[in-house]
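Heads up, the thing below is written out as structure tokens.
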Amino acid sequence: MGGRNIDLDFCSSEFSFVSWLEDLHLLPLVQISDPFYIKLVKEFYSNLRMVSSPNEEFELSSSVKGERIYLNARILASILHIPHTGLYVFEHKKWPKVEGFHPNQILSLLYPNDPNVHPNMALTTNRLSVDHRLLHHLIVHQILPTGGGYEKLSRMQVFLM
1 MGGRNIDLDF CSSEFSFVSW LEDLHLLPLV QISDPFYIKL VKEFYSNLRM
51 VSSPNEEFEL SSSVKGERIY LNARILASIL HIPHTGLYVF EHKKWPKVEG
101 FHPNQILSLL YPNDPNVHPN MALTTNRLSV DHRLLHHLIV HQILPTGGGY
151 EKLSRMQVFL M
């Protein structure tokens, strides 16, 4: 089965999210054209375990067809063609505390017609612009695949956007 990639020629002329990905050095991530095999990918994820202790370097382990696979942060960064700048632990129900990130500023960009944006508001996709919807689609299908409905945004998805 073929890889997943975005038609950059079409998208860059019509949508601004391509330049956002370029600025974040994420274009290689959405241009993966190598073949992948669904059953092997499922086996990899179903056997995936965290094997590092809290005070050790982050490490994952899995097995596919009896072959053991070990991954750490440096290997993952190399596979994804992204810089290894360290790990960041994200709490699901809290906004991240990162220099330069302010939830109200981001929410004002995502929901420009809502005068009452606040960090605890309901985060839904139906009020996003086309560019932001496409960016959200990219996040939930390629960067952080998720199951279930796609009508609500998580704080992690907003942070990534």
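Counting in full-length UniProt numbering, the sequence shown runs from 1 upward without gaps. A virtual CB, placed ideally from N, CA and C, is assigned to each residue, including glycine. Values in this document were obtained by computation on a predicted structure and should not be read as measured data.
Query raised in the report: Since K42 sits in a beta bridge, which residues does DSSP pair it with?
Result: According to DSSP, K42 bridges with nothing at all.
Query raised in the report: Between which two residues does the alpha helix (DSSP H) carrying S12 extend?
Result: For S12, the enclosing alpha helix (DSSP H) starts and ends at 8-14.
**Report entry** Backbone CA spacing between A122 and G66 [nearest angstrom]
**Finding:** Distance from the CA atom of A122 to the CA atom of G66, rounded to whole angstroms, is 44 Å.
Query raised in the report: Since L110 contacts V158 with CB under 8 Å, what's their CB separation in whole angstroms?
Result: The beta carbons of L110 and V158 sit about 7 Å from each other, so the pair counts as a contact at 8 Å.
Requested in this report: For N47, I'd like the list of residues in its chain whose CB is within less than 6 Å of its CB, leaving aside the five on either flank, ordered along the chain.
Outcome: Hits under 6 Å: S62, S63.
Query raised in the report: With distances taken between CB atoms, is the gap from M156 to F90 smaller than 7 Å?
Result: With contacts defined as CB atoms closer than 7 Å, M156 and F90 qualify as a contacting pair.
Report task. Can you give me the start and stop residues for the beta strand (DSSP E) that L71 sits inside? Result -> Run containing L71: 67-72, per the beta strand (DSSP E) assignment.
**Report entry** For L29, the three-state DSSP class (helix, strand or coil)
**Finding:** The three-state secondary structure of L29, taken from DSSP, is helix.
Query - Beta-carbon proximity list for S78, same chain, < 8 Å, skipping 5 on both sides - result: H84, listed in sequence order.
Query raised in the report: According to DSSP, what are the bridge partners of L60?
Result: According to the DSSP secondary-structure assignment, L60 is paired through a beta bridge with M50, L71.
Query raised in the report: Residues in its own chain within less than 7 Å of M1 by CB, not counting five upstream and five downstream?
Result: Interpretation of M1 is limited by its pLDDT of 38, a score under 50 that renders its predicted location unreliable; the figure taken from the coordinates is listed afterwards. The residues are P35, F36, Y37, I38.
**Report entry** Closest Cα partner of I82 within the set E43, D23, T124, H132
**Finding:** The residue from E43, D23, T124, H132 with its alpha-carbon nearest to that of I82 is D23.
Query raised in the report: Among T124, N104, D131, which residue has its Cα nearest to the Cα of N116?
Result: Checking every option, the nearest Cα to that of N116 belongs to N104.
Requested in this report: Determine the closest residue to F51 out of N72, I32, H25, F101, with distance taken between C-alpha atoms.
Outcome: Correcting the residue type first, residue 51 is Val in the shown sequence and not Phe. Of the candidates N72, I32, H25, F101, the residue whose Cα lies closest to the Cα of V51 is N72.
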